[in-house]
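*Asks:* The sequence shown maps to residues 104 to 341 in the working numbering. First the structure, which I've put down as structure tokens, then a few questions once you've had a look.
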Amino acid sequence: MTQDSPEERTQQAETDSQAAPDPLVGEGLLDEEMGPSSSMAHLYRGEIHRMKFWRERLDRTTNWAVVVISALLTWSFSSTGTPHYVILIGIATLTVFLIVEARRYRGYDIWRTRVRSLQQNVFAKGLDPSLELRNPDWRRELASDYRQPTLKITTEEAIAHRLRRIYLPLFGLLFVAWVVRITAFATDSWLATARVGAIPGTVVTLTVAAFYVAALVVAFRPRTWHARGELRFEDLRR
């Protein structure tokens, strides 16, 4: 009688595990033998740490954006001789911060997606085994993501998230400040005041208007959201 090689035994074990998935995965998770020393608990703790680290990176970008915009607004209104295009520089600077934060948000979403998968399919099941799994194939998907991590959302969706949560109010504040700067502090017509060097005021105004229309379209156009756990639905705020 021949014995199977280690490779054959490994392949057979994988086949058996795939053929007979455990319908009660997560049950007993909170029992004494599955306490804080278990590998699942360590895995979850590690993912929480990563998610927290990337969350802090997002906050740092937002904080820098607020500080820079505050300084530019203070400088812009400190003297009537300060050119209005300082605020336009603030809009461009804020756009750079938005792009940087959107890239960080895509990285943050990787870890948050894993955390939400463990919470929904393991911890929720462990707390109440009678619950039905939302995604019976979650283990295969999570294992695939550990083998080959991938970004879950597009750059546009990440930008839309950050616009809705943080940056639209900041852009709105800069827009109001710019309008006040070229109207209330103007000694000539507002179109003449909006001029930047050799660029006519009409061109500057149309460019600013086009930028804000594009930002609103990106933020509010209908789309299928792929990020998990975003507090964008009213029923989550009750």
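All C-beta atoms, glycine included, are put in the ideal place defined by N, C-alpha and C.
On the DSSP bridge assignment, give the partners of Val311 in chain order.
*Replies:* For Val311, which the question treats as bridged, DSSP gives no partner whatsoever.
*Asks:* His329: which of Gly275, Val320, Tyr270, Ala263 sits nearest, CA to CA?
*Replies:* For His329, the nearest C-alpha among the options comes from Ala263.
*Asks:* Where does Ile302 sit, in a helix, a strand or coil, going by DSSP?
*Replies:* It is a strand residue.
*Asks:* Taking 8 Å as the cut-off, decide whether the C-beta atoms of Arg265 and Glu204 are in contact.
*Replies:* Yes.
*Asks:* Using only the alpha-carbon positions, how far apart do Phe323 and His145 sit?
*Replies:* In a straight line, the C-alpha of Phe323 is about 39 Å away from that of His145.
*Asks:* When burial is assigned at 16 or more other CB atoms within 10 Å of the CB, is Gly275 buried or exposed?
*Replies:* When all chains shown are included, Gly275 counts as exposed.
*Asks:* Nearest-angstrom Cα distance between Val282 and Ser142?
*Replies:* Whole-angstrom Cα-Cα distance: 58 Å.
*Asks:* Sorted by chain position, which residues of the same chain lie with C-beta nearer than 6 Å to Phe288's C-beta, five sequence neighbours on each side aside?
*Replies:* Closer than 6 Å at Cβ, skipping near neighbours: Thr183.
*Asks:* Should the region 185-205 be regarded as contacting the region 236-247, the criterion being three or more beta carbon pairs within less than 8 Å?
*Replies:* At 8 Å Cβ cutoff, the stretches do not touch.
*Asks:* Can you tell me where the alpha helix (DSSP H) with His264 in it begins and where it stops?
*Replies:* First-last of the alpha helix (DSSP H) with His264: 258-265.
*Asks:* Are the region 284-299 and the region 218-226 touching, with three or more C-beta to C-beta distances below 8 Å?
*Replies:* Short answer: they don't touch.
*Asks:* What's the C-alpha gap between Arg153 and Thr257?
*Replies:* Computed Cα separation, rounded: 20 Å.
*Asks:* Is Thr164 buried or exposed, if buried means 16 or more other CB atoms sit within 10 Å of its CB?
*Replies:* It counts as buried.
*Asks:* Do Glu259 and Val321 count as a contact pair if the criterion is CB distance below 8 Å?
*Replies:* Cβ distance < 8 Å, so Val321 and Glu259 count as in contact.
*Asks:* Going by other Cβ atoms of all chains shown within 10 Å of its Cβ, with 16 needed for buried, is Ile302 buried or exposed?
*Replies:* Classification of Ile302: exposed, given that the 10 Å Cβ count is below 16.
*Asks:* Thinking just about the alpha-carbon of each residue, which of Val218, Ala174, Arg217, Arg326 is nearest to the one in Leu197?
*Replies:* Considering only alpha carbons, the answer is Ala174.
*Asks:* If Ala280 sits next to Ser179, beta carbons under 8 Å apart, how far is it from one beta carbon to the other, in whole angstroms?
*Replies:* Between Ser179 and Ala280 the Cβ distance is about 7 Å, and since that is below 8 Å, they are a contact.
*Asks:* Tyr208 and Leu277 - do their beta-carbons sit closer together than 8 Å?
*Replies:* No, Cβ-Cβ distance for Leu277 and Tyr208 is not below 8 Å.
*Asks:* Might you give, ordered along the chain, the residues of its own chain that have their beta carbon closer than 8 Å to the beta carbon of Arg237, omitting 5 neighbours on each side?
*Replies:* So the list reads Gln223, Asn224, once near-sequence residues are dropped.
*Asks:* Would you report the Cα separation of Ile151 and Leu201, rounded to the nearest angstrom?
*Replies:* Each residue's alpha carbon lies about 24 Å from the other.
*Asks:* Alpha carbons only, please: which of Arg267, Arg284, Ala195, Ala246 is nearest the one belonging to Thr310?
*Replies:* Of the listed residues, the one whose Cα sits closest to Thr310 is Ala195.
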